[in-house]
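A.B. asks: The structure's right below; bear with me while I get my questions together.
There are 2 protein chains.
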Amino acid sequence: MAAEPLTREQVLAAAEEALRRYGPTKMNVVDVAQALGVSHGSVYRHFPTKAALRAAVVRKGLEKKAAQLLPIAEESGPAADRLHRWLLALIEFKQRLAREDPELFGAHAVVDKDDAALVREHVGVLTGQIARILEDGVDSGEFRGSALEGSALAIWHATTRFHHPAHRYEWTDPKIGEDFERVWTLILDGLT
Amino acid sequence: MAAEPLTREQVLAAAEEALRRYGPTKMNVVDVAQALGVSHGSVYRHFPTKAALRAAVVRKGLEKKAAQLLPIAEESGPAADRLHRWLLALIEFKQRLAREDPELFGAHAVVDKDDAALVREHVGVLTGQIARILEDGVDSGEFRGSALEGSALAIWHATTRFHHPAHRYEWTDPKIGEDFERVWTLILDGLT
DNA sequence: GGAATGACAGATGTCAATATTTGTCAGCCG
DNA sequence: CGGCTGACAAATATTGACATCTGTCATTCC
């Protein structure tokens with residue numbers, strides 16, 4: 001054919017679509033290939049396994065999320081307010097995905113379970129952003145200056161209930177926002 | 193028969209044993225009845241459904257846990273230290289159960305999912321104990337005195353990762369203790 | 001008459017046969 | 001050649017016939 005060769009990006013996009021439509025269990029690589037007008041063998045030219053393909057889609061989503069959050073981490077202005085908004089944005093992102101693309105979110109949950117390296121990396125990126133805000137806060141005298149890296153991780157874990165997929169069923173509880181604000185208050189008191 | 197009639201307590205004990213042995217999915221009421229030398233119809237004299245029986249066993253376990261923790265909440269002495277020990281005891285209890293009686297712990301997880309009322313009640317009892325420690329801390333001037341009830345809940349939620357069944361697979365991570373201590377530091381800083 | 005039984009219908013679970021899907025690779029095609 | 005195909009074996013999922021379990025209740029027992 002004179003047509004361009006299949007690219008990794010195309011496969012990724014088709015896989016994302018399939019994942020969104022059918023979810024992590026029903027999505028299969030023959031369908032993905034079909035959507036691209038290609039045999040499934042070709043998909044394996046770009047990704048070694050189905051799990052790798054799924055993980056790549058999820059990784060893309062995580063990177064997108066980190067990119068959305070980064071501006072807040074890099075803003076100037078009161079660190080406390082930024083951290084608050086950053087956490088809210090994080091939670092909003094996850095909870096929106098869970099609500100609007102439950103199948104795709106299911107894929108996130110699956111990868112979360114069996115690709116520890118990817119989640120470690122992602123947690124590293126996000127706690128890095130938290131740490132950045134904390135540093136600013138310490139520099140400006142807003143926060144006390146103890147254990148920056150450790151605090152970032154502590155904040156991450158203390159808010160687990162609000163962003164970890166395992167708790168998605170609790171997110172429909174109308175009190176969830178209130179609960180978060182309580183934890184936020186606790187965290188803020190710990191920082192200032 | 194001249195023998196004593198079957199008691200609720202006996203059924204509960206047999207059910208606990210069955211649950212421990214076979215887990216929440218394989219345990220069945222015919223076996224429970226058989227262990228008691230009784231027909232399964234008799235079990236239904238004491239519990240309306242299998243789910244209710246399972247929930248009753250779990251409730252008993254939760255009450256036992258709350259009872260074990262209560263002394264720490266009621267001690268006198270430095271509140272910060274007591275709260276720390278209380279949380280460690282809570283976590284230790286859950287993690288030990290998960291390790292040593294995984295089937296029974298599985299029953300806890302199941303009930304957690306579909307008996308919201310029971311977990312609400314249990315969370316209420318435990319946050320009550322936290323609140324008690326907090327009050328002591330405020331009275332002694334150890335803690336600042338803002339929003340006692342709310343703080344108790346906030347502490348509960350901030351430590352979710354360390355006591356919620358959904359996270360049991362993370363408990364084998366050797367860093368889990370370190371992670372908890374980081375969150376504890378954050379909480380403590382927020383209180384003092 | 002209060003407690004227990006056991007036969008029963010409907011729900012739920014099991015398991016083995018069957019079908020789909022994954023991942024490989026020798027060969028085709030432009 | 002580089003990129004793609006499609007036939008294939010092995011792994012995984014689905015189905016449906018069958019077995020077990022749940023929950024009820026008319027009846028029996030002491």
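So the sequences go chain by chain: S and Y.
Going by the working numbering, the first sequence opens with residue 1, and the numbers climb by one from there.
Going by the working numbering, the second sequence opens with residue 193, and the numbers climb by one from there.
Even glycine gets a Cβ: it sits at the ideal position worked out from N, Cα and C.
Bear in mind the structure is a predicted one, so any value in this text is a computation, not a measurement.
Since Lys242/Y and Val222/Y are thought to touch, with beta carbons under 8 Å apart, how far apart are those beta carbons, to the nearest angstrom?
C.D. replies: Working through the second sequence from its first residue, we reach residue 242/Y at position 50. Working through the second sequence from its first residue, we reach residue 222/Y at position 30. No, Lys242/Y and Val222/Y are not in contact; Cβ-Cβ is about 10 Å, not under 8 Å.
A.B. asks: Taking 7 Å as the threshold (beta carbon to beta carbon), is Gly316/Y in contact with chain S?
C.D. replies: Taking the first residue of the second sequence as position 1, residue 316/Y is located at position 124. So, not an interface residue.
A.B. asks: Using only alpha-carbon positions, find the residue among Arg360/Y, Val230/Y and His356/Y that is nearest to Glu170/S.
C.D. replies: Locating residue 170/S in the first sequence gives position 170, counting from the first residue. When only C-alpha atoms are compared, the closest one is His356/Y.
A.B. asks: Using 8 Å for Cβ pairs, my map puts Tyr214/Y next to Glu341/Y. What's the rounded Cβ distance?
C.D. replies: For this step, residue 214/Y is matched to residue 22 along the second sequence. For this step, residue 341/Y is matched to residue 149 along the second sequence. Wrong, their Cβ atoms sit about 40 Å apart, outside the cutoff.
A.B. asks: Within a Cβ cutoff of 6 Å, which residues of the same chain sit near Ile133/S, ignoring the five residues on either side of it in sequence?
C.D. replies: Position 133 of the first sequence, counted from the start, is the residue given in the question as residue 133/S. If we look at Ile133/S and ignore the five residues flanking it on each side, its Cβ neighbours are Ala73, Ala79, Arg82 and Leu83.
A.B. asks: Does the segment 375–383 of chain Y come close enough to the segment 183–192 of chain S to have 3 or more Cβ pairs within less than 8 Å?
C.D. replies: Judged by Cβ distances under 8 Å, the segment 375–383 of chain Y makes contact with the segment 183–192 of chain S, as three or more pairs qualify.
A.B. asks: Could you tell me the distance, in whole angstroms, from the CA atom of Ala194/Y to the CA atom of Glu208/Y?
C.D. replies: Taking the second sequence and counting its residues from 1, one reaches residue 194/Y at position 2. Taking the second sequence and counting its residues from 1, one reaches residue 208/Y at position 16. Note that Ala194/Y scores a pLDDT of 37, beneath 50, so its modelled location is shaky and nothing firm can be said.
A.B. asks: Using a Cβ-Cβ cut-off of 7 Å, state whether Ala350/Y counts as contacting chain S.
C.D. replies: Within the second sequence, residue 350/Y is the residue found at index 158, counting from 1. Judged by the 7 Å Cβ criterion, Ala350/Y is in contact with chain S.
A.B. asks: Counting only beta-carbon separations shorter than 7 Å, does Leu153/S have a partner in chain Y?
C.D. replies: Here the question's residue 153/S lines up with position 153 in the first sequence. It does: the Cβ of Leu153/S has a partner Cβ on chain Y nearer than 7 Å.
A.B. asks: Does the ligand NAP have a heavy atom nearer than 6 Å to the CB of Leu340/Y?
C.D. replies: This structure does not include the ligand NAP; it has no bound ligands of any sort.
A.B. asks: Please identify the residue among His232/Y, Phe285/Y and Phe239/Y whose C-alpha is closest to the C-alpha of Leu254/Y.
C.D. replies: Counting from 1 along the second sequence, the entry for residue 254/Y is found at position 62. The option with the nearest alpha carbon to Leu254/Y is Phe285/Y.
A.B. asks: Residues of chain Y with CB under 9 Å from Ala98/S, in chain order?
C.D. replies: As a working note, residue 98/S is residue 98 in the first sequence. By Cβ distance, chain Y contributes nothing, its closest Cβ being about 14 Å from Ala98/S, past 9 Å.
A.B. asks: How would you list, in chain order, the residues of chain Y whose beta-carbon sits under 7 Å from the beta-carbon of Gly190/S?
C.D. replies: The count along the first sequence starts at 1 and reaches residue 190/S at position 190. Under the 7 Å cutoff, chain Y gives Leu378, Ile379, Asp381 and Gly382.
A.B. asks: Can you check whether the C-beta of Asp114/S is within less than 7 Å of a C-beta belonging to chain Y?
C.D. replies: Residue numbering aside, residue 114/S sits at position 114 when the first sequence is read from its first letter. Answer no: the Cβ-Cβ gap between Asp114/S and chain Y never drops below 7 Å.
A.B. asks: By the criterion of Cβ-Cβ separation under 7 Å, what are the contact partners of His359/Y in chain S?
C.D. replies: Stepping through the second sequence from its first residue, residue 359/Y is reached at position 167. Near His359/Y (Cβ distances below 7 Å), the residues of chain S are Ala166.
A.B. asks: To the nearest angstrom, how far is the alpha carbon of Gln160/Y from that of Asp293/Y?
C.D. replies: Since the displayed chain Y opens at 193 and closes at 384, residue 160/Y lies outside it and no answer follows.
A.B. asks: Which of the three DSSP states is assigned to Thr159/S in this structure?
C.D. replies: To locate residue 159/S, count along the first sequence from 1; it is residue 159. Coil, per DSSP.
A.B. asks: Would you say Val183/S reaches chain Y, if we count a Cβ-Cβ gap shorter than 7 Å as a contact?
C.D. replies: For the purposes of this step, residue 183/S is taken as residue 183 along the first sequence, with counting starting at 1. For Val183/S, the answer is yes, since a Cβ of chain Y falls inside 7 Å of its Cβ.
A.B. asks: With the cut-off set at 7 Å, would you say Thr192/S and Ala152/S are in Cβ contact?
C.D. replies: Along the first sequence, one-based indexing puts residue 192/S at 192. Along the first sequence, one-based indexing puts residue 152/S at 152. No; because the gap between Cβ atoms is not below 7 Å, this pair is not in contact.
A.B. asks: My output table needs one value for Pro102/S: the three-state DSSP class, helix, strand or coil.
C.D. replies: The count along the first sequence starts at 1 and reaches residue 102/S at position 102. DSSP places Pro102/S in helix when its eight states are reduced to three.
A.B. asks: Find the residues of chain Y that neighbour Gly150/S, judging by a C-beta separation of less than 7 Å, and give them in chain order.
C.D. replies: To locate residue 150/S, count along the first sequence from 1; it is residue 150. The answer, in chain order, is Arg374.
A.B. asks: Closest to Gly333/Y by CA distance: which of Leu289/Y, Gly229/Y and Gly269/Y is it?
C.D. replies: As a position in the second sequence, residue 333/Y is number 141, starting the count at 1. Of the candidates Leu289/Y, Gly229/Y and Gly269/Y, the one whose C-alpha sits nearest the C-alpha of Gly333/Y is Gly269/Y.
A.B. asks: Identify the contact partners of Arg132/S in chain Y, using a Cβ-Cβ distance below 9 Å as the criterion.
C.D. replies: Taking the first sequence and counting its residues from 1, the one referred to as residue 132/S is at position 132. Here the premise fails: no neighbours, minimum Cβ distance about 18 Å.
A.B. asks: With C-beta atoms as the reference, is Val125/S less than 7 Å away from Ala66/S?
C.D. replies: Taking the first residue of the first sequence as position 1, residue 125/S is located at position 125. Taking the first residue of the first sequence as position 1, residue 66/S is located at position 66. For Val125/S and Ala66/S, yes; Cβs fall inside 7 Å.
A.B. asks: Taking C-alpha atoms, which residue in Arg99/S, Glu121/S, Leu6/S and Ala166/S lies nearest to Gly37/S?
C.D. replies: Taking the first residue of the first sequence as 1, we reach residue 37/S at position 37. That would be Leu6/S, whose Cα lies nearest to the Cα of Gly37/S.
A.B. asks: List, in order along the chain, the chain Y residues whose C-beta lies closer than 9 Å to that of Arg161/S?
C.D. replies: Working through the first sequence from its first residue, we reach residue 161/S at position 161. Residues of chain Y passing the Cβ test: His349, Ala350, Thr352, Arg353 and His356.
A.B. asks: Helix, strand or coil for Thr199/Y per DSSP?
C.D. replies: The residue labelled residue 199/Y in the question sits at position 7 within the second sequence. Thr199/Y falls in the coil class under three-state DSSP.
A.B. asks: Under the three-state reduction of DSSP, which class applies to Met1/S: helix, strand or coil?
C.D. replies: In the first sequence, the residue the question calls residue 1/S occupies position 1. With a pLDDT of only 41 at Met1/S, under the threshold of 50, the placement of this residue in the model should not be trusted, and no figure is reported.
A.B. asks: For a contact defined as C-beta to C-beta under 7 Å, what are the partners of Asp31/S on chain Y?
C.D. replies: Numbered from its first residue, the first sequence carries residue 31/S at position 31. Under the 7 Å cutoff, chain Y gives no residues; its nearest Cβ is about 31 Å from Asp31/S.
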